[in-house]
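In my numbering, the protein residues as written are -7 to 211.
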């Protein structure tokens, strides 16, 4: 386990690398922003990011897991495995409205800063280029192919209008709800009927009311 002095040294060296590369990282972010590519089509971003890794002496695995726009870099030989993720696909018709160009550059910077230090830190780094986040299920497909096997923690950064070191997030489960009513004579026996539209409206109203009371940090 790294001592406090070693941890501080590792942190400082990582920060020094980021400072040295910051102009390059901003340039990469700007380039990816100027070349938006939808899920599974991130050819430019894949090339830009992997070229940057190679230019900085890293043995990056291009087209990882038989996915044309995925990549992976592994360093370190012992200890826990931490994955740093890069996203870089854009929104159809919008471009990089979710800031994936920033996510990609930030992940790249973290990988370049930490890769030379992983062995000394006693851990394993796995920098992963994960395509098709916007509706393409890229990470799901990569997980099926073993990309996350042996990973103890995975992390990434995301642009936001507030600085947050951590946040709570609500899991999403998609569901298709079918409301089925029961017919009855409106004058003779309305009490025997079941109005499906009423149930649907009440369901919507309750969800809408609940949403108003969820804190912004938990959405």
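C-beta: ideal position from N, C-alpha, C; glycine also.
Predicted, not measured: the structure shown is a model, and the values here were computed from it.
Asked: For residue 87, the three-state DSSP class (helix, strand or coil); Found: strand
Asked: Terminal residues of the alpha helix (DSSP H) in which residue 40 lies; Found: 35 to 47
Asked: Which of helix, strand or coil DSSP assigns to residue 99; Found: helix
Asked: Candidates 3, 173, 33, of which the one nearest residue 130 by Cα; Found: 33
Asked: For residue 121, the first and last residue of its enclosing beta strand (DSSP E); Found: 116 to 121
Asked: Distance CB(residue 91)-CB(residue 83) smaller than 7 Å; Found: no
Asked: Beta-carbon proximity check, residue 97 vs residue 1, cutoff 7 Å; Found: no
Asked: Rounded C-alpha distance that separates residue 106 from residue 200; Found: 44 Å
Asked: Continuous alpha helix (DSSP H) stretch holding residue 64: start and end; Found: Careful: residue 64 lies outside any alpha helix (DSSP H), inside the beta strand (DSSP E) at 63 to 67.
Asked: Residue 52 and residue 63 closer than 7 Å at C-beta; Found: yes
Asked: Which listed residue (184, 38, 11) has its alpha carbon closest to that of residue 24; Found: 38
Asked: Buried versus exposed call for residue 124 [16 or more other C-beta atoms within 10 Å across all chains shown]; Found: buried
Asked: Spatial distance of residue 114 from residue 69 (CA atoms); Found: 8 Å
Asked: For residue 176: DSSP bridge partner residues; Found: Answer is none; residue 176 lacks a bridge partner.
Asked: Residue closest to residue 41, alpha-carbon to alpha-carbon, out of 12, 79, 85, 188; Found: 79
Asked: Coarse secondary structure for residue 77, derived from DSSP in three states; Found: strand
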